[in-house]
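Residue numbers (my numbering): 37 to 132. Every residue gets a Cβ at the ideal spot worked out from N, C-alpha and C, and that includes glycine. Note that the structure is predicted; figures quoted are calculated from it, not measured. Take a look at the structure below.
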């Protein structure tokens, strides 16, 4: 046995050039890829939840914006009536 083989306890690493060693590395690669896939699926799920929350928030903001626009239009209408009203005319302004 070589020094490398005697130091290692992993039989698959000892047989690195043989099919059993290749099988081990392939299995480890598959396990790593499956774990990465699981992590990515979890991230996708989290992003989908976050996206749904943001869509709901956007819908609420659009409703509030529409309400604000209505209130602004109403305020402008009331303001123009008050300005044009003879009872609210400035007494110091020249008479018409």
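Compute the Euclidean distance between the alpha carbons of residue i and residue j, then round it to the nearest angstrom.
| i | j | result |
| --- | --- | --- |
| residue 117 | residue 77 | 60 Å |
| residue 107 | residue 86 | 31 Å |
| residue 63 | residue 71 | 12 Å |
| residue 115 | residue 121 | 10 Å |
| residue 166 | residue 82 | Residue 166 lies beyond the stretch modelled for the chain, which goes from 37 to 132, so this question has no answer here. |
| residue 92 | residue 61 | 47 Å |
| residue 112 | residue 80 | 47 Å |
| residue 84 | residue 75 | 14 Å |
| residue 100 | residue 89 | 17 Å |
| residue 58 | residue 67 | 14 Å |
| residue 119 | residue 96 | 34 Å |
Within 7 Å: the Cβ of residue i and any heavy atom of the ligand SAH?
| i | result |
| --- | --- |
| residue 106 | With respect to the ligand SAH, the structure offers nothing, as it holds no ligand at all. |
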